[in-house]
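In terms of the working numbering, the sequence shown opens at residue 1 and continues consecutively.
Glycine residues also receive a C-beta, built at the ideal position from the N, C-alpha and C atoms.
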Amino acid sequence: MRIALLVSAFNSLSQAVFCRLTELGHEVCVVYAVSPEQMAREIEARNPEIVLCPYLRRYIPPEVYTLRPTYIFHPGPRGDRGPDSLEHALRLDTEKWGAVWLEAAEELDSGDILAEAAFEVRKGATKASLYRQEVTQAAVSMLSDLLEAHESGQRTPQLDMPMHKRFTQKERAVDWEADDTETIIKKIHFSDSLPGVLDEIAGVPCHLFGAHKEDRLGTEYADAPIKTVLAKRNGAVCLKTRDAALWISHLKEPRRFKLPATYVLKERIQGVKERRIPLIFDRGYETFYEIWAEEEEGIAYLHFDFHNGAMSADQCIRLKYAVEYLKERCEVLVLMGGSEFFANGIHLNILEDSKKQGEDGWSNINAMNDLVASILYAEEVLTVASFGRNAGAGGVFLGLACDKVVAREGVVFNPHYKTLGLSGSEYHTYTLPRRIGEELSKKLLDACLPVSAQKAQEIGMIDGVLPAEEYDEALKAYCRSLREDEDRYYDLLDAKADRLIEEKPAMEAAKRKELEIMHPQFWDPKSPFHMLRREFVYKLCPAKTPERFKQCTNTP
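Next up, the structure:
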């Protein structure tokens, strides 16, 4: 079937739907919703049999939904109508929530329902986390039912319920004198990603993101005034609350973009102490941390939970130190990534904020390469990449530097750089062709399309796909199997050592060539990277559908 995805952005949910539909054998194209006239014109030009709208923030013109079957995804159960659906679910502490695919109609969310699903609302989840995980899984899991209902004509009437109103900043606002720590965290959680909670920290008006409870510093600074900045750690700041303390990892000033909190507050927090914690520490209390490790029977699981998967030069350096430290303590080293993303490459927001964009961009990519090298050349241990969440650009190739690569069912890869005007590094011109060959590597890098975990395994990009429901247990069993067969373990290490001796010149030549091409992309003020990065960071709406989506296609 020819299917068009009509979207406001090709976000994680849209990409998951795209991947699943191509896996089911459908031809899929993407149309960006820029204006009513453009939507109608482009849908007509693509001539799809049906139109699906997994993420849409504009009204669909009648010229689309009256001429072709058009179905909209709504992140709320039957009867739920209106904006900010997930905010309502999280604010009400709902234990169960749902999602539906429904027919487009003149009145918002009033069309008949073709497919519906329910899911548990994770305790303590942020809005963005719930959307990326449970909501996305619900949308994808219903696709077969949706298409079957489309073919059969089976429909369930939508309930005629009142439409809930949009959340305002008044409802999100924190009352620091009255709200306890849990209430503040909850408000920031249900405003996560967009729009954040509007507030003021150290005299700076800003939106708050990334709230984490702090169990100890509130007691240590019991007499400090409310909202005092008590400490800082890895870009986050710790604030005194009425009953304890909490960390805020990111701030966004009006008409700006999200940055680590210390980058926004700068000289206003001079003298505030950096409260570091070790790589392996007692996680029996709540606090903020980005990098930590767990050790189990000769296996080290290295977690790096960076906001939106972005990796600054400083984060790359800290992660490299962690890799070097753990290589001396284990036999199998597992890169775990974060709770929301595995990794997404260099930190574009920090580069956009920099007054020395060329220099800082160059430092970032070289720090990334040094990190990748520490994994590629890890002769003394076997390395495993665990893609438990989505990955993009350099984050994909960070994982492909490992000896073995597995992914959770449903994960989506974006193994390309060109949409940001970059050719990329991270040894990708060595690691990707080594797995899938030169021809398919070029096709993936040029197509700039998402690739599902299942497809990645089929083409040899990764070694295995583990079930989503029992992923942690399956991953540990996989890693134990590498270590338990001692003969096989040492055979794999010996083979790696031989390969590194033989292929090191080619590996380093690949990196040098990558950096030679990338150098002007960072340093030339007229490089497309600077414009494309700015558009990405400021989330500027595209004026038209990108060229790569113009034809209905399957992933390579």
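Taking threonine 126 as the centre and dropping the five residues before and after it, the same chain places the C-beta of His189, Asp192 closer than 7 Å to its C-beta, in chain order.
Between the region 343-358 and the region 325-334 there are fewer than three C-beta pairs closer than 8 Å, too few to call the two in contact. The alpha-carbon of alanine 401 is positioned some 6 Å away from that of isoleucine 375. Here the alpha carbon of arginine 166 sits roughly 52 Å from the alpha carbon of arginine 512. Between the alpha carbons of glycine 298 and lysine 476 lies a gap of roughly 12 Å.
Asparagine 11: not part of any alpha helix (DSSP H); DSSP gives it neither H nor E. Cβ atoms of isoleucine 269 and lysine 232 come within 8 Å of each other, at about 6 Å.
Here tryptophan 176 has Ile226, Lys227 as same chain residues with Cβ atoms under 6 Å from its own Cβ, once five neighbours each way along the sequence are excluded. The alpha-carbon separation between threonine 545 and valine 17 amounts to approximately 18 Å. Counting C-beta pairs with one atom in each stretch, the region 488-499 and the region 333-347 have fewer than three that are closer than 8 Å, which means they do not touch.
In the structure shown, serine 386 adopts extended strand secondary structure according to DSSP, grouped into three states.
The Cβ atoms of tyrosine 55 and serine 14 sit closer than 8 Å to each other.
Linking arginine 172 to serine 129 through their CA atoms gives a straight-line distance of about 18 Å.
Of the candidates Asp487, Asn344, Ala509, Ala510, the residue whose Cα lies closest to the Cα of serine 12 is Asn344. Bridge partners of leucine 246 according to DSSP: Lys213, Leu239. The shortest C-alpha to C-alpha distance from valine 121 to any of Ala138, Tyr321, Pro195 is the one to Ala138. Pairing cysteine 238 with proline 205, the inter-Cα distance amounts to about 17 Å. Between histidine 212 and proline 195 a beta carbon distance of about 20 Å is seen, past the 8 Å cut, so the two are scored as non-contacting. Closest option to glycine 424, judged by alpha-carbon separation, among Arg488, Glu516, Asp403, Val406: Glu516.
Taking a contact as a CB-CB distance under 8 Å, the pair isoleucine 350 and methionine 368 does not count as one, their CB atoms being some 13 Å apart. Residue burial annotation: proline 505 is exposed, with fewer than 16 other C-beta atoms found within 10 angstroms of its C-beta. Per DSSP, tyrosine 32 is one residue of the beta strand (DSSP E) stretching across 27-32. Of Glu470, Ala453, Glu469, the smallest CA-CA separation from aspartate 463 is found for Ala453. The closest CA to that of glycine 25, considering only Ile43, Arg155, Leu147, is found on Leu147. If the five residues before and after valine 537 are omitted, its C-beta is found closer than 8 Å to the C-beta atoms of Phe257, Leu348, Asn349, Glu352, all from its own chain and listed in chain order. Exclusion of the five residues before and after glycine 284 leaves no residue of its chain whose Cβ lies closer than 6 Å to its Cβ. Annotation for threonine 419: Cys448 place their beta carbon closer than 6 Å to its own, counting only its chain and skipping 5 residues before and after.
A contact between stretches requires three or more CB pairs, one per stretch, nearer than 8 Å, and the region 28-41 fails this requirement with the region 425-436. Taking C-beta separations shorter than 7 Å and ignoring five residues to either side along the sequence, the partners of arginine 534 in its chain run Glu352, following chain order.
Contact check for tyrosine 32 against proline 467 fails: the beta carbons are separated by 8 Å or more. Annotation for isoleucine 188: the continuous alpha helix (DSSP H) segment containing it runs 181-189. Note on the region 350-407: whole beta strand (DSSP E) runs with a minimum of 3 residues are 382-387, in chain order. Considering only Asp112, Leu67, Glu220, the residue with the shortest C-alpha distance to aspartate 243 is Glu220. Under the three-state reduction of DSSP output, valine 174 falls in the coil class, being neither helix nor strand. Nearest C-alpha to lysine 170 among Gly111, Asp199, Leu326, Glu502: Asp199. A straight-line Cα-Cα distance of about 19 Å links arginine 91 and leucine 246.
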